[in-house]
Structures are given as C-alpha cells and as structure tokens.
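Take a look at the structure set out below.
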Amino acid sequence: MATTPTDMELVHSVLQGQQQQFAVLVERYQGMVFSLAFRMVGHREDAEELAQSAFVKAYQHLAGFRGDSKFSTWLYTITSSVCLSFLRKRKLETYSLDQERVFSAADSQAGQYSANQVEGKSKRQLLQQAIAQLSPDDARLISLFYQGEQSLEEIGQIMELSANTAKVKLHRARQRLKTILETQFATELSDWQAP
Amino acid sequence: MDTQHMDDQIWEWLDGQSSPAQSQQLQQLISTDAAWAARHAELLALHQSLQTDLEVLQPSMRFSKNVMEQIAALGLQHTARSYLNNRIIYGLGGLFVAAISAIILYAIAMVDWAAGSESSLQLPGAQAGSQIDWGGLVSGPVGTGAVVVFSVLALALADQYLRGRLQKRHGTS
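First to last, the sequence lines map onto chains C and E. The numbering used here applies: residue 2 is where the first sequence begins, and numbers increase by one. The numbering used here applies: residue 62 is where the second sequence begins, and numbers increase by one.
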C-alpha cells in the first residue's frame, strides 16, 4: 500500500530535481491558498493570480525552507505577503482595525440586503458574505485559524505578531463577524443558536 | 462584568486556551448565570459554524497546470539568462566604447598642431554628385560587425525590458 508523501518529502524531491513533485504540493494546498487570497482581496480573478504568484515564489525560494515551521505556515506567510503587496499597490481601501468604523460600515450595508436576497441562502453563503465584509486582516485571521489549521503561534508567525496579540486580534475579528451577522442576518442567526 | 471581558474568557475557553482552573470557573458561571449561559451559547454557535460551514474555495480547474507552466517558464528564463549573461553584454558595450574612443584618438592624432590658427583638420566637403556607397559600407566587414553588435545589444535590452514587465505582472520579481 502506497503511503502519501509528507510535505517535507515532497520538498526534498523537488530540491533534488523532481520538479513535477511540486504539482502535488500545489494540488494539496491550492484550495487553502486560493481561499486565503480571496478572503484578503475579495476578487476571484485577482485571488487566482495571487495564489499562482504565491506558489511560484514558494518554488523559487524552496531551497530557503529549512523545515523549522510547517510547510503550510511557510506557504501561507508567502501568500499573505503577496496579497498585502497587491493591496498596497492597488491602494484598495483597507478597513482600519478600529471597531467603530467596521461596525458603522456594517450598519450602513445592513439595509442593502432585502429579505428576499437573504431568504433561502445557506449558512455557508451567509458566512461567506459576512466574512467578505471584514477587513483583509480579520478575514485572514479567521481563515488561517479555522481553515488553515494554524495555531495562534503559527498565525503570529505568518502575521509577524506575538501569539498573544494574534489571540486578541482573533477574538476581535470574530466579534466583528458576529456583529455583521447580527446586524444583517438576524433571522438566520437565530436558527444557529444551540437549542 | 463587561461583555468584552466575558467574550474574551469564553473565546479563550472555546479555543482551548484556558487553564484547568479557569475552565472550571467558567463552566460554573455558565451553569449558574443566565447571562453567561446565553453569551456562551451565542459564541459557541458561531465557533461551531466557523468550524463546519466555512468553505475552502477552489480555484479554476487549470490552476495547478498554470502554476507548473509558470515554473517551467522560469526555468527557460534562467537558461536564457545563462546564455546572455551580463559579462557578454558588458563586453560588447565595452567593445563599442573602445571603438568610438579609438576613432576619436585617431582623429586627434591626425591633427597637425603646428599649423597655427588655420585648422589642419579637413573635413571631407560635400560635393555635388558624390555618392556614398552605403551598400558597400553595410555589407563590408565593419558594417556587418556593427549590425551584429547592435542587434545583440537591442535583443538583450528588449529581453531585459520584457522580462521585467513579465515579472512585474506575475509579482515574481
């Protein structure tokens, strides 16, 4: 029975000249890298291009990966950096971490969703919509923690923060997400409550 | 107790970051205090929803192929770079500068400094009917050499410019 090669084994194979082994790593992480990029930039085409750039950069710097951290942590650090450079270049409006501003933005957008629009939407879609309204930083934190299976220490490493700061920021990000959900999807949210 | 503090404590517990003592204290609060219980239920619902309902999005079907094609193109770029390395480009540039300098030095050496105020450097006068054999100049060894040198330099510059643009586009500088 063939065993699935680990990330580190694949990295070694690529470094020894088996370039095609990198495709296995791409297949393994493309969903998460793309999701992370999409949640940060909010645009599918841009996210796809940035995710590709992140993989190409990872390939170019693969020799510099020492295995001190998980391959995924290293890859998400590159993805974050690529997306942040893009956001800086594009001078997209980035929301400050100031709670009041995010809350007021959520309030102003609340009226844009009619009952019909919300009706029939799955929990996944609602969550997706609510996350799309978070700042890139908040969306990145939630994505890394819940989807990327990164610990607070690893998130701190990716975002160049201490683990404690990452923890506090994650609390705030979830709080803001909750506020958006409560403001815009109050009816649906009541169904989520544990009985 | 303010809501923020309450939330922080509950989140810490849900994330498995609380100490055993804190966990015990929190469990007691949740079972005895209605406000704590309600807040816990809300946050737990969101936490569970994030764990189960947050989708991993998928890129297009060609994503992996696109990445591998870009990586293959990188390999070709490196190969081209090894053919046209900077030493060759600088060498050709140096040859060009040396040729110009030699011509200038030769012209200066031909000046008859003893001729006084009258210029001894006679530029060829444009004569009506005189015809310059441009074809002969270009097809001669000097002309051919110059064409080759300039072509290589132009290609090298174009390559550098286009590669820069490509890298900028893909963010792989």
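Built from N, CA and C at the ideal position, the CB exists for glycine as well.
Selection from the options that minimises the alpha carbon distance to residue i
i: E/Tyr151; options: E/Val210, E/Leu104 and E/Asp114; result: E/Val210
i: C/Leu26; options: C/Lys71, C/Gln158 and C/Gln185; result: C/Lys71
i: C/Gln21; options: E/Arg226, E/Met129 and E/Ala217; result: E/Met129
i: C/Leu162; options: C/Arg177, C/Lys179 and C/Leu142; result: C/Leu142
i: C/Thr217; options: C/Arg29, C/Gln19, C/Leu16 and C/Gln17; result: Only positions 2 to 196 of chain C appear in the structure, and residue 217 of chain C is not among them; the question remains open.
i: E/Leu216; options: E/Val172, E/Ala95, E/Pro120 and E/Ile149; result: E/Ile149
i: C/Ser82; options: C/Leu51, C/Leu153, C/Ala64 and C/Gly68; result: C/Leu51
i: C/Gln185; options: C/Met41, C/Ile132, C/Val42 and C/Leu145; result: C/Ile132
i: E/Phe124; options: C/Met33, C/Ile159, C/Leu63 and C/Ile79; result: C/Met33
i: E/Thr64; options: C/Ile181, C/Gln176 and C/Ala187; result: C/Gln176
i: C/Ser123; options: E/Thr113, E/Met122 and E/Ile165; result: E/Thr113
Exposure of residue i, with buried meaning 16 or more beta-carbon neighbours within 10 Å
i: C/Arg173; result: buried
i: C/Gly1; result: Within the shown structure, residues of chain C are numbered from 2 to 196, placing residue 1 of chain C beyond reach of any answer.
i: E/Leu218; result: exposed
i: E/His66; result: exposed
i: C/Ser105; result: In this prediction, C/Ser105 has a pLDDT of 44, which is less than 50 and means its spatial position is unreliable; what the coordinates show is noted afterwards. Per the 10 Å Cβ criterion, exposed.
i: E/Glu116; result: exposed
i: E/Ile91; result: buried
i: C/Glu10; result: exposed
i: C/Asn165; result: exposed
i: E/Leu104; result: buried
i: C/Val12; result: buried
i: E/Trp174; result: exposed
i: E/His101; result: buried
i: E/Ile71; result: buried
i: C/Met41; result: buried
i: E/Pro202; result: exposed
i: E/Asn127; result: buried
i: C/Ser73; result: buried
i: C/Thr80; result: buried
i: C/Val15; result: buried
Closer than 8 Å to chain C by CB, residue i
i: E/Thr233; result: Note that E/Thr233 scores 44 on pLDDT, short of 50, meaning its location in the model is unreliable and no value can be drawn from it.
i: E/Ile132; result: yes
i: E/Met129; result: yes
i: E/Asp114; result: yes
i: E/Arg148; result: no
i: E/Leu156; result: no
i: E/Val203; result: no
i: E/Ser92; result: no
i: E/Val210; result: no
i: E/Val213; result: no
i: E/Leu227; result: no
i: E/Leu223; result: no
i: E/Ser110; result: yes
i: E/Gln119; result: yes
i: E/Leu135; result: yes
i: E/Met216; result: The question names Met, but residue 216 of chain E in the sequence shown is Leu. By this cut-off, E/Leu216 is not an interface position.
i: E/Leu166; result: no
i: E/Leu153; result: no
Check: residue i C-beta below 7 Å from any heavy atom of the ligand PLP
i: C/Val57; result: Of the ligands one can find in the structure shown there are none, so the ligand PLP has no counterpart to examine.
Cβ of residue i within 8 Å of any chain E Cβ
i: C/Arg125; result: yes
i: C/Arg175; result: yes
i: C/Ala64; result: no
i: C/Ala52; result: yes
i: C/Phe72; result: no
i: C/Lys170; result: no
i: C/Val42; result: no
i: C/Glu161; result: no
i: C/Tyr60; result: yes
i: C/Phe56; result: yes
i: C/Glu101; result: Here the model assigns C/Glu101 a pLDDT of 43, short of 50, so the residue's position is not dependable and the matter cannot be decided.
The segment 128-155 of chain C: positions lying closer than 9 Å to chain E by Cβ: Leu128, Gln129, Ile132, Ile143, Ser144, Phe146, Tyr147, Gln148 and Leu153
Residues, ordered as in the chain, of the segment 7-39 of chain C that lie near chain E by beta-carbon distance below 8 Å: Gln20, Gln21, Phe23, Ala24, Val27, Glu28, Gln31, Gly32, Met33, Phe35, Ser36 and Phe39
Residues from the segment 65-87 of chain E in contact with chain C, defined by Cβ distance under 9 Å: Gln65, Asp68, Asp69, Trp72, Glu73, Asp76 and Gln78
Minimum length 3: unbroken beta strand (DSSP E) runs contained in the segment 4-63 of chain C: The beta strand (DSSP E) runs of length 3 or more contained entirely in the segment 4-63 of chain C do not exist; there are none.
Contiguous alpha helix (DSSP H) assignments of at least 4 residues, all confined to the segment 63-109 of chain E: 64-75 and 81-93
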